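Visitor:
Numbering (full-length UniProt numbering), first residue to last: 1 to 283.
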């Protein structure tokens, strides 16, 4: 597994022609988002493009037959900028077997986080962050220190593998306080404004009614967002997809209270369709 840089791929394939090369999902999304920023897509289009690419790269429950329709939807939006559409086809569609989760054996990792961690340790711990080290010193350090050290650690891991259980993965839960705190601040601000209106000699009943209506919508919007967060958090879906969904819910919560209340159902249905969650949900 490697980054998705063409130079790295060429070097690996030229040196090891028989190798099956995969691209790290983290680096795939990083490269895609970097290029996406250069084009003036609508924010809603950017969200769809990012979500669908992220699903293709991380979606463990994805099926190969879903790849083509997902790319079709991506290209429908990408065609607004022909150069970006060409980039999607040349970089991602033509190399889909290297990075899409559905094309990868379920026993293989989606990211090279482990090797990145080891590389960082070697670079800064053993080599001290030295740049342009003499090649003979590099080789000697590699032979005298790094190889024996990692051989010893791997041997220890093998011996202890059956004695020490693997740690259980902990799922990150969305912060529960964010919505509640924002709602409380809005209530406090509304109460202060209403107090000023009541104590004023001017007739501002219309404004007071408007504030009451706004407060009611803010509370309803907060409840809707909280309910959606709890609903999707409880689904038995891959953590990568779950985090992507919760991110969309957070961004959806940045709209006006009225928009949130009126469009909550269609937004939730869209998530279920985009992430192919029909098999998990019965709404």
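Every residue gets a Cβ at the ideal spot worked out from N, C-alpha and C, and that includes glycine. These numbers were taken from a predicted model, which means no experiment stands behind them.
1) Leaving out the 5 sequence neighbours to the left and right, which residues in its chain are closer than 7 Å to residue 276 when beta-carbon positions are compared?
2) Check for me: the alpha helix (DSSP H) holding residue 87 runs from which residue to which?
3) Output needed for residue 98: all residues of its chain with C-beta closer than 7 Å, excluding positions within five of it in sequence on either side, in chain order.
4) What is the rounded straight-line gap between the Cα of residue 52 and the Cα of residue 144?
5) Measuring straight from C-alpha to C-alpha, what distance separates residue 149 and residue 114?
6) For my contact list, residue 80 and residue 41 are in at a C-beta cut-off of 8 Å; report their separation, rounded to the angstrom.
7) Return the residue from the list 4, 43 and 30 that minimises the CA-CA distance to residue 95.
8) I'd like to check one pair, residue 101 with residue 58: are the Cβ atoms closer than 8 Å?
9) Judging by CA-CA distance, which residue of 93, 120, 262 and 273 is the nearest neighbour of residue 129?
10) Between residue 229 and residue 249, is the Cβ-Cβ spacing less than 8 Å?
11) Would you give the residue range spanned by the alpha helix (DSSP H) that residue 250 belongs to?
12) Rounded to whole angstroms, what's the CA-CA distance from residue 222 to residue 87? Just pull it up for me.
13) Report all residues from its chain with a CB closer than 6 Å to the CB of residue 32; omit the five preceding and five following residues, and keep chain order.
14) Does residue 44 come out as helix, strand or coil in the three-state DSSP assignment?
15) Does DSSP put residue 94 in a helix, a strand or coil?
16) Using beta-carbon positions only, say whether residue 132 and residue 141 come within less than 8 Å of one another.
Guide: For this structure:
1) Around residue 276: 66.
2) Residue 87: member of the alpha helix (DSSP H) spanning 82 to 87, first to last residue.
3) Non-local beta-carbon contacts of residue 98 in its own chain, meaning distances under 7 Å to residues more than five positions away in sequence, involve 21, 22 and 23 in chain order.
4) One C-alpha to the other measures close to 47 Å.
5) Each residue's alpha carbon lies about 17 Å from the other.
6) Confirmed, about 7 Å.
7) Its Cα nearest to that of residue 95, the residue 4 stands out among 4, 43 and 30.
8) In this structure, residue 101 lies closer than 8 Å to residue 58 by Cβ.
9) Check the Cα spacing between residue 129 and each of 93, 120, 262 and 273: the tightest is with 120.
10) Result yes, Cβ atoms of residue 229 and residue 249 sit closer than 8 Å.
11) It spans 239 to 252 - the alpha helix (DSSP H) in which residue 250 sits, taken as one unbroken run.
12) One C-alpha to the other measures close to 40 Å.
13) Hits under 6 Å: 53.
14) Helix, per DSSP.
15) Residue state, collapsed to three classes: coil.
16) The answer is no: Cβ separation not under 8 Å.
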